[in-house]
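Let me begin by presenting the structure, written as structure tokens, before commenting on it.
Residue numbers (our numbering): 330 to 648.
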């Protein structure tokens, strides 16, 4: 009888260990069998190709998108390479180099992000029928219209040829406060936004997501003092967790609502970002401790985002 007890105990330990094991990349990509919905479900697959600025802007988005209601769901993947410009992404895509981190947040799954290193783009590009691809260039890349145009054209041709026609969006990044003087930030943002507007008018992208405009709006308010570095930044390069990243997430979510024809606004969002929340969601690439703010701060962040959504190519002065 003793060996039976020992076997039972060992089996219990093994099952317990398996139940707490980290999901593999293949586990996460496997389709889940979903419960039947009483209403049709609009599920959208969104791929972002970028660097840490994409993580800043989009990591909170899947959880805001849930507020659209149970009949709207989003699978979001960030194809991440630190500090990479679109030219570098084009080379990694076309050579299928296994040098990406894939950040994946799956609709209706466990409600958090999963990140996997040393992956190639083809491992996710072939997995879904993509409804939107979002591109984001570096601060220097965003200044050079000819260069960014060539890079986008190359990436689009490659994806079209290998995975079919997909709508493309381009994200406006905010200026880098560590690299330029405060007096030059408006001018740098203006160049970023003007180039994005030209990309749209030239038909290179189908949509512009004005995250950088929302940050620039906020920098003209009392929110400018937020962040360990000020300027909503943790160290002068990245947005700090909490309200700074939420401003961009509000903007991106409202843009996705519009792109997918969802009649919803972030203005009524009850989401409040806490330190425990970002840990529980495994937010990728976190920078600094969470800035929580007041209800008035949340309201101002929403107004900065909505102003950018409504007028992507102008700074709106808010109180």
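Glycine included, C-beta positions come from ideal geometry on N, C-alpha and C.
How many whole angstroms separate the CB atoms of residue i and residue j, which I take to be in contact at a CB cut-off of 8 Å?
i	j	result
residue 467	residue 380	7 Å
residue 569	residue 561	7 Å
residue 463	residue 403	The pair is not a contact, with the Cβ atoms about 12 Å apart (cut-off 8 Å).
residue 386	residue 578	7 Å
residue 524	residue 474	5 Å
residue 406	residue 481	That pair is no contact at about 19 Å.
residue 371	residue 401	5 Å
residue 432	residue 384	7 Å
residue 588	residue 642	Contact doesn't hold; Cβ gap of about 18 Å is too wide.
residue 515	residue 644	7 Å
Is residue i helix, strand or coil when you go by DSSP?
i	result
residue 438	coil
residue 460	coil
residue 488	helix
residue 338	In this prediction, residue 338 has a pLDDT of 39, which is less than 50 and means its spatial position is unreliable; nothing more can be read from the coordinates.
residue 406	strand
residue 642	coil
residue 466	coil
residue 375	strand
residue 502	coil
residue 446	strand
residue 589	coil
residue 430	strand
residue 423	helix
residue 595	helix
residue 275	Limits of the chain in this structure are 330 at one end and 648 at the other, which puts residue 275 out of reach.
residue 368	Confidence in residue 368 is poor, its pLDDT being 49 and thus under 50, which makes the residue's placement too unreliable to answer from.
residue 612	coil
residue 576	helix
residue 602	coil
residue 620	strand
residue 648	coil
residue 343	Residue confidence is low: residue 343 scores 40 on pLDDT, short of 50, so the model does not pin down where it sits. No coordinate-derived value is stated.
residue 632	helix
residue 350	Here the model assigns residue 350 a pLDDT of 49, short of 50, so the residue's position is not dependable and the matter cannot be decided.
Going by the beta-carbon positions, is the gap between residue i and residue j smaller than 8 Å?
i	j	result
residue 634	residue 595	yes
residue 388	residue 459	no
residue 593	residue 397	yes
residue 461	residue 375	yes
residue 408	residue 429	yes
residue 602	residue 621	yes
residue 552	residue 626	yes
residue 563	residue 556	yes
residue 550	residue 629	yes
residue 497	residue 584	no
residue 565	residue 619	no
residue 528	residue 478	yes
residue 412	residue 465	no
residue 298	residue 610	Any question about residue 298 goes unanswered here, given that the chain covers just 330 to 648.
residue 444	residue 613	yes
At least 3 beta-carbon pairs within less than 8 Å: the segment 416-426 vs the segment 499-516
no
Margin query: Between the segment 483-492 and the segment 538-547, can you find at least three pairs of beta-carbon atoms closer than 8 Å?
Written below: no
| request: Indicate whether the contact test is met: 3 or more Cβ pairs, each with one atom in the segment 443-459 and one in the segment 518-526, closer than 8 Å. | output: no
Determine, using beta-carbon pairs with one atom in the segment 634-644 and one in the segment 580-587, whether at least three such pairs fall under 8 Å. yes
Point to revise | Inside the segment 521-572 only - beta strand (DSSP E) runs reaching at least 3 residues | key: 536-538
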